[in-house]
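Here full-length UniProt numbering is used: the first residue of the sequence shown is 1, the next is one more, and so on.
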Amino acid sequence: MKPYVICHMLGSVDGRIKQDIWGFKDHHKYFEETAEKIPADAWLVGRVTMQEFSSKQEYALPPAQEDLPKTDFVADQPEKSFAVVIDPAGKCFWDTNMVSTEHVIEVLTEKVPANYLEHLRSKNVSYIFGGKEELDLALVLEKLHDLFNIKTVRIDGGGHVNGSFLKAGLIDEFSLVLAPVADGTIGSPTVFEVEEGYGTRQATHFKIKSVDRIYDDFLWIRYEVVKNQQTDW
Ligand SMILES: NC(=O)c1ccc[n+]([C@@H]2O[C@H](COP(=O)([O-])OP(=O)(O)OC[C@H]3O[C@@H](n4cnc5c(N)ncnc54)[C@H](OP(=O)(O)O)[C@@H]3O)[C@@H](O)[C@H]2O)c1
């Protein structure tokens, strides 16, 4: 069974997500205070976003002691809420198995070396495999449900991870905090980074669940994803 998936993002009016030039004081609060109002058993981010929370140390991993099997590892730990990272090549290093109050789960492909698995086990970080070379995101969600009892996941970005789940048709709701700024930086990630150019893919449609004006000039828009959409143009 798949958990319910809500993607939550803070975006500029032109869809950019990096706040480098937005100039807000307390800039974390716009994302975090709204995120806290979305009950979820786990939040999930891409490798680039998680590197803001994982170890800042350069770990030089020793050669593997043993050839650990490429099977899922559920760490023995008491937490019931989780921080999940899509990290196919094992690029995040950990000093602890927690981000804030959440237990870390690494989502890997089988191309990660055994010494990286030993690093994760040495820190008691859980890990699951989502595919041999490429990730099957539906399988990843199923494993999060079945192994960790995660019933609702909040996907917190960045744009590439959001785009992958959107393309796979796995997002149920989209929660957008629309910041009153135009960013305009060409090449900076946007809310959904799916693929370059126009092919046969159609855009995803949403239906509004609610709209609230917050922090004076921000909008918090909650959308439901339209499944099996029919285009009528
Ligand atoms: N405004 C907001 O609400 C908000 C929220 C979150 C993040 N951000 C910002 O967004 C920026 C990062 O966004 P981003 O789009 O560049 O990166 P991202 O989505 O955080 O991470 C992208 C990486 O995740 C892995 N990945 C994602 N989907 C995958 C898939 N389907 N299969 C395999 N690997 C997959 C890949 O890792 P590898 O490269 O290792 O293969 C990929 O390069 C940061 O500046 C962050 O601060 C903003």
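No residue lacks a Cβ here, since even glycine has one placed at the ideal position from N, Cα and C. All values reported here derive from a predicted model rather than from experimental measurement.
- Counting only unbroken stretches of 4 or more residues, the alpha helix (DSSP H) elements lying wholly within the region 70-152 are 114-122 and 137-148, in sequence order.
- Listed in chain order, the non-local C-beta contacts of K143 below 6 angstroms within the same chain comprise I128, local neighbours out to five positions each way being set aside.
- For S188, the CB contacts under 7 angstroms within the same chain, skipping 5 residues up- and downstream, are R16 and K18 in chain order.
- DSSP places H205 in no beta strand (DSSP E); its state is neither H nor E.
- C-alpha of P62 to C-alpha of Y116: approximately 9 angstroms in a straight line.
- Beta bridge pairing from DSSP links R213 with L219.
- Unbroken beta strand (DSSP E) stretches of 3 residues or longer found wholly inside the region 2-26: 4-11, given in chain order.
- The three-state secondary structure of R47, taken from DSSP, is helix.
- Not one heavy atom of ligand 1 lies closer than 7 angstroms to the C-beta of R154.
- For S55, no alpha helix (DSSP H) segment is defined, and its DSSP state is neither H nor E.
- Using a C-beta cut-off of 8 angstroms, the region 45-54 makes contact with the region 72-86, since at least three inter-stretch Cβ pairs fall below that distance.
- With 16 or more other CB atoms across the displayed protein chains lying within 10 angstroms of its CB, D41 is buried.
- Counting C-beta pairs closer than 8 angstroms gives three or more between the region 72-80 and the region 99-109, which meets the contact rule.
- Beta bridge pairing from DSSP links A42 with F82 and V153.
- DSSP places E173 in the uninterrupted beta strand (DSSP E) bounded by E173 to L178.
- Where L68 is concerned, there is no enclosing alpha helix (DSSP H), because DSSP gives it neither an H nor an E.
- Between D14 and A182, the C-beta spacing is below 8 angstroms.
- In this structure, ligand 1 has no non-hydrogen atom nearer than 7 angstroms to the beta-carbon of R121.
- Here the alpha carbons of D95 and L68 stand approximately 21 angstroms from one another.
- Ranking E134, A138 and V99 by CA distance to the CA of V112 puts E134 first.
- A Cβ-Cβ distance of about 7 angstroms is found for the pair A179 and Y30, placing them in contact under the 8 angstroms criterion.
- Ligand 1 approaches S164 closely enough that one of its heavy atoms is under 7 angstroms from the residue's Cβ.
- Its chain contains V5, C7, F165 and V225 as the residues whose beta carbon lies nearer than 6 angstroms to that of I171, once the 5 sequence neighbours on both sides are disregarded; these appear in chain order.
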